[in-house]
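Some notes on the structure that comes next.
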Amino acid sequence: MPNLGFPEILLILVIALLVFGPKKLPELGKSLGQGIRSFREGTQGLKDELDASFKDAPPAKAATTQTVVTVKPEPVQVEPASTDDRRA
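In the numbering used here, the protein residues as written are 1325 to 1412.
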């Protein structure tokens, strides 16, 4: 996500003022603030539910150990290639 500095925010506000006008801008800001507040309340409620479910969950069982068996491959006998020149 790009960082917004003061010049970028100022440009966005000027464009919003030109597009929506000075009378509509406060209403848009209010509805945007209410939407953000509602979103935060919803996410906080979800976080609280998850925290409660983790507290109510039984503790995890201890990890079991498994034995690992290493198998060594048997050596393979390789015969040298024939030096005959059989060309067609």
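Every residue, glycine too, gets a C-beta built ideally from N, C-alpha and C.
Since the structure is predicted, the reported quantities are computational estimates derived from the model, not experimental observations.
- For residue 1371, the enclosing alpha helix (DSSP H) covers residues 1349-1380.
- The Cβ atoms of residue 1328 and residue 1336 sit closer than 9 Å to each other.
- Between residue 1352 and residue 1344, the C-beta gap is smaller than 9 Å, which places the two residues in contact.
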